[in-house]
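Here's the structure we're looking at; comments come further down.
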Amino acid sequence: MERCLLAGLVGATLALYLATQPAAPQLLVYSLSLSLSLTVISAWLKRATWLKPYKLKSCCARKTVLPHHVYWLMMAALIGFSYIQWQTLRATPLPLAMLNAQSASITLLIDDIPAKKPGRLIIYGRLQDPVCWPWWASVPRVRLTWYVDQQNLAQTPQAGQQWRFKVRLKAPDGLFNQGGFNYPRYLWRHQVRAQGSIREGVLLHQPTATNTLRQRLYQQLQQADLKLPWLVAALAIAYRGDIDDSTWTIWQRTGVAHLLAISGLHLGLVAIGVSYGLRWLLRRLSGRRRAAQEVSQVWRYTLILAWLMGWFYAGLAGFPTSVLRAMGLWTVLFATQLLGLTFTRVRLILVVLSLLLLLDPWLWLDSGFWLSLTAVIALMWSHWRWQQQSSSASWRWFKPVLALLRVEFILLLGLWPLQNSLFHGVSPLAPWINLLWVPLFSFWLVPLVLIGSLLALAGIPLAAQFCWQLAEQPMIYLQPLLSHVAEQPWSWWPLAQQPSLWLASAAIVVLAMPLNWRLRLAMLTLLSVIQLSITYRRERDPYLRLHVLDVGQSQALVIERQGKAMLVDTGIAYGSGFSMAAAVIIPFLQQRQLQPEVAWLSHHDRDHAGGYLRLTEQYPQLRWSGDQQHPCQQGQAGVWRGVQWQVLWPQQAKYPAANDDSCVLALRFHQFKLLLPGDLLRTAEQHLVKTRPQQLDSDVLVLPHHGSRSSSSQAFLRQVKPSLALLSRAANNRYGFPHAAVLQRLAEQSVVVADTARWGQLSVISDGYRWQLQLPYASQTRRWRRLN
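Mapping to the UniProt record's numbering: the sequence shown position 43 is 43, numbers consecutive.
The following block contains the structure:
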């Protein structure tokens with residue numbers, strides 16, 4: 001059984017990899033036909049004993065006819081492959097005509113509680129009309145933003161309602177950078193096939209459904225007199241839209257953010273509480289003599305009721321990913337108890353994975369799934385590794401405390417490499433804080449929050465409010481302490497570089513293996529030597545790297561040299577608080593373990609200087625040029641780590657600097673030359689061509705003003721003579737950049753153009769004599785934009 005399940009999962013994994021291209025019906029039919037054929041052949045070979053390989057006399061026949069179990073494995077792999085291909089085929093994207101329209105009228109069934117942000121509403125729902133997909137396809141889901149003052153709305157959209165919206169839609173898109181968040185993959189994983197903005201809307205229908213129960217409970221939470229309503233909402237209905245970024249950062253830096261997501265811990269508490277509660281109640285009602293007999297007869301029914309209560313809780317939570325994978329595990333465990341089955345650890349994991357794949361084919365794209373799977377494997381290994389020691393007399397009195405400590409530290413070590421790569425760091429205090437937080441949530445917060453939720457649904461709001469207030473009392477006093485701990489520099493260990501990450505993972509595996517201590521020491525010494533050699537090579541790296549980050553319709557450049565960085569421009573920042581510095585630049589620097597030393601602002605438009613304050617806060621020792629204290633002016637020059645830099649423009653320092661006053665930087669690394677002109681316009685270009693023609697000659701040019709018609713004049717390009725032009729812009733931007741005339745002038749000079757809107761992050765690497773363009777995210781941009 002294990003081999004068949006594993007073969008099916010391998011086939012499904014292969015299909016997920018091939019799902020980067022739209023599934024063709026011919027491929028699906030071929031897979032199903034081949035699966036059916038192999039099934040028939042396998043059954044025939046099983047019955048036709050005279051055809052078994054070991055009874056065939058022909059040597060050639062023995063080599064060509066496989067045993068029947070091999071065909072079963074091939075069939076299982078093809079079934080898993082065909083299932084994922086079928087699900088990929090069902091996920092039909094919306095027609096291009098609908099996405100490219102300036103305005104479209106749609107009917108939307110809101111399937112989640114709208115997130116209320118300052119000045120806007122974020123709405124998720126399933127498209128009801130127009131029906132522009134085949135009958136076998138899944139109903140597309142869309143994400144809409146309504147920029148409106150919520151107080152001016154006659155009716156606020158709610159989960160379960162059906163609205164008629166006038167919208168402007170576009171295909172899901174995102175930014176592709178090292179260390180950045182893959183937003184298109186997130187949207188695809190949550191079945192979102194389009195995103196857009198709402199111009200106007202009218203309520204059509206308000207049905208009664210599970211979503212309405214969630215919405216009603218959420219409204220009662222908002223009306224209740226609570227100090228921490230976001231905490232109660234997260235535990236009751238898995239709604240985290242009210243958690244602000246600062247609070248989430250505090251919980252993440254202290255290693256307890258997992259408690260805010262309903263998972264196996266919360267569902268396990270519900271199942272165990274219901275099951276043992278019913279048994280205790282039966283024992284009290286039946287008397288002590290008859291209790292054992294009656295409880296043994298009805299324990300199966302208590303398990304079924306506990307399982308149903310778990311699914312009810314999952315429904316209140318809206319069936320998020322964390323709940324589905326937890327309920328998949330609990331379903332398998334309950335089935336083994338009810339049916340009297342005995343599963344090995346490997347079989348249990350494979351059965352749960354297969355069940356989860358049936359429930360949610362795109363679960364594998366969710367980072368939480370891999371964290372949960374790694375945690376389960378680590379705990380199973382911990383139980384196997386120390387099960388012989390648990391009966392020792394010296395451990396008897398400390399067994400509960402040691403067991404809890406062991407679990408926390410095993411999770412810290414087991415999840416460290418994965419958390420490091422996903423969250424750019426790990427909290428060393430997580431085991432100690434979880435020693436208090438996990439029991440507090442398990443025996444106080446979660447039970448009281450759930451009791452209050454049941455009372456609220458039963459129409460007893462005062463009792464529900466009392467339970468919720470009682471539940472949040474400890475956290476009212478502990479939350480400031482958690483904030484204080486999160487502010488300490490030692491509360492968060494930043495990301496290790498990728499080679500170091502793999503070496504740390506290997507070290508954890510070495511420590512976990514039951515080997516002789518001398519062999520462990522030798523292997524750890526070897527890993528330490530490898531790490532030291534990597535660090536030595538990094539500090540003496542002979543290459544210069546220019547990274548043009550994908551920051552939409554703005555600009556942010558990072559020049560990398562020997563583990564240090566020079567920043568040029570900081571991307572855009574919005575009034576909502578979103579900043580490219582926080583979303584792209586800082587994660588990029590952390591991912592590559594770069595320490596920025598100097599930074600430049602070409603001018604002071606928000607698409608170039610929007611992240612100035614955020615970067616100053618993150619790196620207070622950063623030396624700035626082009627800001628108010630250190631304005632940029634022609635004639636400034638210097639050397640940074642072997643890279644010569646010179647300011648070619650403006651002639652006079654100005655603050656604030658406009659486009660035509662952009663700071664033009666010319667960089668030279670041996671014989672390799674870069675030109676970074678900011679948003680320079682044609683007038684300044686002509687002046688530079690007349691006064692500084694020699695300094696303009698460059699191998700690589702970052703196109704001025706994102707490729708607008710007012711820049712990149714023919715005389716300027718002829719003087720620069722670039723071999724490569726790098727363009728930073730957003731796809732389908734409202735300005736129409738780059739202009740066709742600019743592209744035509746570049747084509748006439750045979751200049752290669754690389755575009756962040758098409759390829760994501762752009763990287764140029766040079767040893768000072770030769771250079772090479774790298775597109776680290778070219779495959780991902782093609783993959784997700786093709787799917788969407």
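Glycine included, C-beta positions come from ideal geometry on N, C-alpha and C.
Cutoff 6 Å; reference residue i; Cβ partners in own chain excluding five residues on either side
{"i": "T92", "result": "W133, A137"}
{"i": "L775", "result": "W759"}
{"i": "Q555", "result": "D569, H608, S728"}
{"i": "S392", "result": "Since pLDDT at S392 reaches only 49, below the 50 mark, its modelled position is unreliable, and no value is offered."}
{"i": "G425", "result": "W492, W493, P494, L495"}
{"i": "P229", "result": "L221"}
{"i": "A464", "result": "G452, L455, A456"}
{"i": "A314", "result": "V323, M327"}
Assigned secondary structure, residue i (DSSP; H/G/I helix, E/B strand, else coil)
{"i": "S766", "result": "strand"}
{"i": "A12", "result": "helix"}
{"i": "V407", "result": "helix"}
{"i": "R668", "result": "strand"}
{"i": "R614", "result": "helix"}
{"i": "residue 798", "result": "Lying outside 1 to 788, the shown extent of the chain, residue 798 is not represented and no answer is given."}
{"i": "G626", "result": "coil"}
{"i": "L121", "result": "strand"}
{"i": "L350", "result": "helix"}
{"i": "Q652", "result": "coil"}
{"i": "Y54", "result": "Residue confidence is low: Y54 scores 46 on pLDDT, short of 50, so the model does not pin down where it sits. Its coordinate-derived value is still stated next. Looking at Y54 - three-state DSSP - the assignment turns out to be helix."}
{"i": "Q162", "result": "strand"}
{"i": "G179", "result": "coil"}
{"i": "C4", "result": "helix"}
{"i": "W370", "result": "helix"}
Other residues of its chain near residue i: CB distance less than 8 Å, five sequence neighbours each side excluded
{"i": "A637", "result": "Q644, W645, Q646, V647"}
{"i": "residue 794", "result": "The requested residue 794 is not part of the displayed model; the chain covers only 1 to 788."}
Separation of residue j from residue i, as counted between CA atoms
{"i": "W624", "j": "I460", "result": "60 Å"}
{"i": "R120", "j": "S103", "result": "19 Å"}
{"i": "G452", "j": "H266", "result": "15 Å"}
{"i": "L455", "j": "V446", "result": "14 Å"}
{"i": "L153", "j": "D173", "result": "29 Å"}
{"i": "A76", "j": "D225", "result": "55 Å"}
{"i": "D242", "j": "L717", "result": "51 Å"}
{"i": "M98", "j": "D697", "result": "46 Å"}
{"i": "S354", "j": "R540", "result": "48 Å"}
{"i": "L260", "j": "P184", "result": "24 Å"}
{"i": "R3", "j": "R189", "result": "28 Å"}
{"i": "S528", "j": "L519", "result": "14 Å"}
{"i": "A741", "j": "I559", "result": "29 Å"}
{"i": "V142", "j": "L108", "result": "9 Å"}
{"i": "I530", "j": "E597", "result": "28 Å"}
{"i": "Q651", "j": "P704", "result": "18 Å"}
{"i": "K564", "j": "Y543", "result": "12 Å"}
{"i": "G678", "j": "S576", "result": "25 Å"}
{"i": "E200", "j": "W146", "result": "8 Å"}
{"i": "L78", "j": "G264", "result": "31 Å"}
{"i": "S561", "j": "G626", "result": "Ser is not the amino acid found at residue 561; the sequence shown has Arg there. Rounded to whole angstroms, R561 to G626 spans 21 Å at the Cα level."}
{"i": "P417", "j": "C663", "result": "41 Å"}
Within-7 Å CB hit, residue i to chain B
{"i": "C4", "result": "Of the chains in the structure shown, none is chain B; there is only one protein chain."}
Cutoff 7 Å; reference residue i; Cβ partners in own chain excluding five residues on either side
{"i": "S427", "result": "R253, T254, G255, S491, W492"}
{"i": "A24", "result": "Residue placement at A24 is flagged as unreliable, the pLDDT there being 49, under the threshold of 50; the coordinate-derived value follows with that caveat. Result list for A24: empty, nothing under 7 Å."}
{"i": "I433", "result": "T254, G255, V256"}
{"i": "L429", "result": "T254, G255, V485, S491"}
{"i": "L303", "result": "S275, F334, Q337, L338"}
{"i": "D112", "result": "Y124, A159, G318"}
{"i": "residue 812", "result": "This structure leaves residue 812 out entirely; the chain is present only between 1 and 788."}
{"i": "A757", "result": "R729, A730, A731"}
{"i": "I250", "result": "L482, S483, A486"}
{"i": "R682", "result": "S710, S711, S713"}
Nearest-angstrom beta carbon gap, residue j and residue i [assumed within contact, 8 Å]
{"i": "L680", "j": "S711", "result": "6 Å"}
{"i": "L9", "j": "L350", "result": "7 Å"}
{"i": "S105", "j": "R164", "result": "7 Å"}
{"i": "V352", "j": "V332", "result": "5 Å"}
Any contact of the region 766-783 with the region 686-698, i.e. 3+ C-beta pairs under 8 Å?
Judged by Cβ distances under 8 Å, the region 766-783 makes no contact with the region 686-698, as fewer than three pairs qualify.
Do the region 576-590 and the region 655-662 make contact, defined as three or more Cβ pairs closer than 8 Å?
no
Counting pairs of beta carbons, one from the region 311-329 and one from the region 357-376, are three or more of them closer than 8 Å?
yes
Would you be able to state if there are at least three C-beta pairs under 8 Å between the region 190-202 and the region 590-610?
no
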